[in-house]
Structure formats: C-alpha cells, structure tokens
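Below is one structure, written out as structure tokens; comments come after it.
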Amino acid sequence: MNKNEQQSPPVPGQLMAFLESLPGMAYRCRNTPEWEMEYVSSTCLALTGYSQEELTWPGSTPFSRLIHPDDRDMVWEKIQEAATLHTNFNISYRIIHKSGRIVIVNEEGNALFDSCGNIIAIEGFIVDITRLATYKQKLDEQKLIAEELFEHAPDAIFLADVASGTIVRVNRQAELLTGFEKQELVGRHFSLLHPATTRASAIEGYLLQQKEAEACGRSKPEEYAVLHKSGHTVPVEIISQMITLKNQKLTYGIFRDITERKRAEEARKKLETQLLNWQKLETLGTLSGGIAHDFNNILTPIIGFTELVLESLPPETEETRQLSTVLNAANRAKSLVMQILTFSRQEKTPLEPASLQPIIQDSINFVRHSLPTSITMDTDINPCNCTVMCNPMQLQQVLINLCTNAWQAMEHTKEKILTVKLWKSGTDAAISVSDTGRGMDTQELERAFDPFFTTKKVGKGTGLGLSVVYGIIQAHGGNIEIESKPGKGSTITFHLPVYEDRNTATPLQE
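Numbering (the UniProt record's numbering), first residue to last: 1 to 510.
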C-alpha cells in the first residue's frame, strides 16, 4: 500500500450515527481521481439514487462517475489545491442522479494527514442545493434584468440619499442628460444639478415632491431646468418616488428630457398665433374691402365732376385753386382705397413671368431719388437673375414700401444704412430689405402686419404699408418674415417661388 493508499482511521460509531441523521451525504474517500469511497452515509440514496454498497469501494460505482463531466476536473483541482494549502474546501458542482436528472450539490470538506504530512483520506459533507441554486439563478437573472432596465431606461434616473441629499447612483441616460460621467455625479449634492439662479426653488420643489411621494407613493411630475456640463440648461420633467434599500431611505428620481416637447409647444403656439393673425387679417380684409368699394363708388363722381368743373374754369382763379385742392384730396383718398383693396386681395391682377433683377433695380433707382443724403444704400442683386410669376408693378410697390419704412425707421439713429439683397434660396428667390433703425420689440413684431397698426406719429403714416406688402406677397404664393430687436434694426425677407419654363428656362445662378 503506497502513501496515498494508507488505511484511514475508522469512523467512530457515535459519529456515524450522527452523520446518518443529517439531510446530506457524509463521506470519507481515498485521495484519488476515482473517489474510492471508504464510507458514505445511508442518506446517499436520497441524494444520488445509489446505495451505500454501490458507492463504497470496491463497489460498482465510483463517485467520480456521478460528477458531471464538465465539472469533474474543476472539483479535483479545487480539492487538491485545498489539500496542498491544508485548508478546507467549499465547492458547488453538478452530479448525475441514478435516474438521470441533474442535481446541484455543495460540498465542504478537508484532507486528513498522517504524522508525516501525507494525505490518507478526504472527508466531507455533500448537500443538495438544487432548489437554492435554481432560486439564486432566478434571483440573479431578475437582478440582471433590473440592472439592465435601470441602466438602459429611456429617462435619466438619479438615486439620492434622503437625509443628506447626496447622489448615490445614476444610469447611463443621466450621463447623457447632464454631460457628466457617473463618477462625477455620484457623491454630489442633488441641488448642483440645477443652475445657481433656480437652485433654491429646485430644492424647495424637491422637498415638496418628497413629502408628496411619502404620502402618495410618488409625486406629480414637475418641470425644472438641469444644468449641463457645457453650461447650457436642459428642460426636464421630474417624478420622484421614495424607496428603501439596505435600510437606506432614497429618493428615486426620474428625469425626462422635454426639450423636443418644448420645441413642439413653441411651434404649436407660433402656428396658433399665425392662424389667429391670418383669421384677423382675413376678417379685417373682408371688412375693409367692402368699405373701400363703397368709398370708391362715392369718390368716383366726386373726382369726375370736379375734373369737369376744372376744365370749364379759367386757370389761376380762386375757384380753380380750391377745386384743385379738393381733387388732390380725392385722389389721395382714391390711392388709399386702392391700397386697402390690394390688402384685402379683392383686386386680383394677372401674374406673368418676369426677372426680379430689373424690377428690384428700377425700385432702387426710384427710392434713391427720395432718400435723405444721410442714408447710405447698399445693394447686392447682381449674382442672381431669378424669374418669378409676378405683377411687376405690385412688386415695385412692395419694395418701395419696405425701403420707405426702412429709411423712416432710421430717422433718429446715428448709423443709417439701408441694404437690399437678392439671392437664390432652394427653389425660391429671396429678397431682403434691412435697416439700422430703432428695431421692434416682441409686441410690435406680433402686430407688424396688422392693418392700420403703425409706430409712427399721428399723421406720419396710415399703417397700411406692411399690410399691403403682406397681401401682395401672399397673392404671389410667397411668404414674408421679419427679424428685429430693439436698437438692432430690422430685416424683412420675402420668398417667391422661382418660375421655370422647361422649354426656355436657363440654369439659375446660386
């Protein structure tokens, strides 16, 4: 018998009786890869399906055959490692029951040594942990799922200690929302997520949300601004919930980025405002158009009969001068009526293909003669020769009105520069008129196209200039917009669809 096969001391009777009463299998085996059992408790039958006789050497079934083939080497190596270090071993592995089913077991044991330090046996205790291992596996799977849900949630999640307000954990979306990495966020006070200007109100709001969450389970959504690492703020909607983890009371905060929602709301409000303006303009146009037609009918005989009487009177008489004054006033009234009719779009005129460059140039030449010498006029219309469907006379009226408004806006400013530009913008031709005048505030911008609205003093304007411009551009299938700030001047830009005759059109210049 070699040193690995020395006879180990027998198991005492009282100890054997105790081992037989335990719910697992006690054993003593030789230190060989075959696990030649010198002793196994009778409970081996419940654990393995094999009897003591079958498992005890020289029985028919060495225990090594029961160990799952994929685990066999690992078990042997762990036992040998512990024996070398003279320490206990604790191993979980799989065995194959006599019925063929897999049983997960946990084994604890140690090596026995003789006086010379040679291993004479391995003894230990093996228990069935299948249910426990299955439960642990399911628990681990659920934990993994929870981790994945937390980490990959579509909203930013912050866990903060209720007592200290310190952030203890965040997910990936929190990094994207704030621009900070996890290690930069964890350990910080939650209030530092907000700009200094709103930090106090944010803390107050959080405290209210905490009370609400404690009372109702979760808080109502509230909107805040979160400070991004780059310095800009991000609008968020926050819902808070109180949870307890490992005896630590935490606030579970869900931060939803509502940037797109805010943009959509602003766009909706802008569209609603535009719709209201269009409805208002349509109503005013209909009303003013009806009045203008009636007024035009009244003016026609006044102008006609005044002209007839003037033709019959000698010149340079008092009566002639008085009637000329009447005729001039009537013609001014007629001109105003024509502007009102143009605004109301009740006077439709045919459109024809025409190049914008000469129309704009003629308008500029006309305006230059009436401009005060203190105003500098810059133009940039040469690069583009776009053709559009238009009424040239009405477009000239648009440009003259815009240029007149521009130079009047610079009446009390030091820098007086009027700029007219023409360029190609996609499938449109774009024309802009800019000034360095007083500019307009938000309220004035909202009413800029309202008929009869003017910022000029009484007697300086009718308030129909931009309304007429708006009506003409709309009738041409275009759109118009204003950019202006108080003290920064104004730029009015209108777009008209470019006309292309497929038979004769030449390529448009960018």
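Even for Gly, the Cβ is constructed at its ideal location relative to N, Cα and C.
Open item on the list: Using only the alpha-carbon positions, how far apart do Lys-460 and Asn-401 sit?
Closed with: Its pLDDT being 44, under 50, Lys-460 is placed unreliably by the model, and the measurement read from it follows with that caveat. One C-alpha to the other measures close to 14 angstroms.
Open item on the list: Suppose you measure from the CA of Ser-240 to the CA of Glu-204; what does that come to, to the nearest Å?
Closed with: Each residue's Cα considered, the two are about 14 angstroms apart.
Task: Where the alpha helix (DSSP H) containing Trp-423 begins and where it ends - done: Run containing Trp-423: none in the alpha helix (DSSP H); it sits in the beta strand (DSSP E), 417-425.
Open item on the list: When you compare the CB positions of Phe-305 and Val-337, do they come within less than 7 angstroms of one another, or not?
Closed with: Val-337 sits away from Phe-305, with the two beta carbons spaced by 7 angstroms or more.
Open item on the list: Taking 7 angstroms as the limit between beta carbons, can you name the residues of its chain near Ala-333, skipping five residues before and five after?
Closed with: Only residues of its own chain outside the window of five on either side were considered, and among them Leu-299 have a CB closer than 7 angstroms to the CB of Ala-333, listed in chain order.
Open item on the list: Taking the alpha carbon of Glu-38 as the reference point, which residue from Ile-431, Ala-406, Gln-52 and Ala-46 has its own alpha carbon closest?
Closed with: Closest in C-alpha terms to Glu-38, from the list Ile-431, Ala-406, Gln-52 and Ala-46, comes Gln-52.
Open item on the list: Let's test the definition: count the other Cβ atoms within 10 Å of the Cβ of residue 517 and tell me whether it reaches 16, buried, or not, exposed.
Closed with: The chain is shown from 1 up to 510; residue 517 falls before or after that span and cannot be answered.
- [ ] Per DSSP, which residues does Asp-380 bridge with? Please list them.
- [x] Secondary-structure assignment with DSSP links Asp-380 through a beta bridge to Lys-421.
TODO: Go ahead and pull the three-state DSSP assignment for Lys-457.
DONE: Confidence in Lys-457 is poor, its pLDDT being 47 and thus under 50, which makes the residue's placement too unreliable to answer from.
Task: Closest residue to Val-103 among Gly-109, Arg-94, Ala-111 and Asn-110 (Cα-Cα distance) - done: Closest by alpha carbon: Arg-94.
Open item on the list: Can you check which of these residues, Ile-303, Leu-308 and Cys-216, is closest to Val-326 by C-alpha distance?
Closed with: Nearest neighbour of Val-326 by Cα position, chosen from Ile-303, Leu-308 and Cys-216, turns out to be Ile-303.
Task: Distance CB(Met-410)-CB(Asp-435) smaller than 7 angstroms - done: Note that the C-beta distance between Met-410 and Asp-435 is below 7 angstroms.
Task: Simplified DSSP state of Cys-116, which is helix, strand or coil - done: The answer is coil: DSSP assigns Cys-116 none of H, G, I, E or B.
Open item on the list: Tell me whether the stretch 139-152 and the stretch 182-199 touch, counting them as touching only if at least three CB pairs, one residue from each stretch, are closer than 8 angstroms.
Closed with: These segments do not touch.
TODO: Using the Cα positions of Gly-437 and Thr-379, report the straight-line distance between them to the nearest angstrom.
DONE: Between Gly-437 and Thr-379, the C-alpha separation is close to 17 angstroms.
TODO: Under 6 angstroms Cβ to Cβ from Thr-376, same chain only, skipping five residues before and after it: list those, please.
DONE: Closer than 6 angstroms at Cβ, skipping near neighbours: Ile-417.
TODO: With Val-234 as the anchor, note down where its beta strand (DSSP E) starts and where it stops.
DONE: Unbroken beta strand (DSSP E) run through Val-234: 233-245.
- [ ] Using 10 angstroms around the beta-carbon of Asn-90, count the other beta-carbons present and answer buried if the total reaches 16, otherwise exposed.
- [x] With fewer than 16 other Cβ atoms within 10 Å, it is exposed.
- [ ] Please check if any C-beta of chain B sits within less than 7 angstroms of the C-beta of Ala-354.
- [x] Here chain B cannot be found, since the structure has a single protein chain.
Task: For residue 567, the three-state DSSP class (helix, strand or coil) - done: Residue 567 lies beyond the residue range present for the chain, which begins at 1 and ends at 510; the question has no answer from this structure.
Task: Collapsed DSSP secondary structure at Lys-249 in the structure displayed - done: Lys-249 sits in a strand when the DSSP states are folded into three classes.
- [ ] State buried or exposed for Thr-48, treating a residue as buried only when at least 16 other CB atoms are found within 10 Å of its CB.
- [x] Under this definition Thr-48 is a buried residue.
- [ ] Mind checking which residues open and close the beta strand (DSSP E) that includes Thr-368?
- [x] The sequence as given places Arg at residue 368; Thr does not occur at that position. Following the DSSP letters along the chain, one finds Arg-368 in no beta strand (DSSP E) but inside the alpha helix (DSSP H) bounded by residues 356-370.
Open item on the list: Distance check for His-68 and Ile-145, CA to CA, integer angstroms please.
Closed with: Pairing Ile-145 with His-68, the inter-Cα distance amounts to about 29 angstroms.
Task: Nearest-angstrom Cβ-Cβ length linking Phe-255 and Ala-156, presumed shorter than 8 angstroms - done: Contact holds; Cβ gap of about 4 angstroms.
TODO: Indicate, with yes or no, if the ligand GTP has a heavy atom lying under 6 angstroms from the CB of Ala-82.
DONE: Although the ligand GTP was asked about, the structure shown includes no ligands whatsoever.
TODO: Return helix, strand or coil for Val-398, following the three-state DSSP convention.
DONE: For Val-398, the three-state secondary structure derived from DSSP is helix.
Open item on the list: Give me the residue from Leu-250, Pro-23, Ser-201 and Glu-123 with the minimum Cα distance to Glu-36.
Closed with: The candidate whose alpha carbon is nearest that of Glu-36 is Glu-123.
Task: Contact set for Ile-258: own chain, Cβ-Cβ below 8 angstroms, skip 5 residues either direction - done: Around Ile-258: Glu-223, Pro-235, Val-236 and Glu-237.
TODO: Pair every Cβ in the stretch 108-123 with every Cβ in the stretch 75-84, then say whether three or more of these pairs are closer than 8 angstroms.
DONE: At 8 angstroms Cβ cutoff, the stretches touch.
Open item on the list: Check this for me: beta carbons of Ile-473 and Ile-482, under 7 angstroms apart or not?
Closed with: Cβ distance not < 7 angstroms, so Ile-473 and Ile-482 don't count as in contact.
Open item on the list: To the nearest angstrom, how far is the alpha carbon of residue 513 from that of Glu-260?
Closed with: Limits of the chain in this structure are 1 at one end and 510 at the other, which puts residue 513 out of reach.
TODO: Go through its chain and collect everything with a Cβ distance to Ala-406's Cβ below 6 angstroms, but skip five positions before and after it.
DONE: In chain order, Leu-418, Val-433 and Asp-435 place their CB closer than 6 angstroms to the CB of Ala-406, counting only its own chain and leaving out the 5 sequence neighbours on each side.
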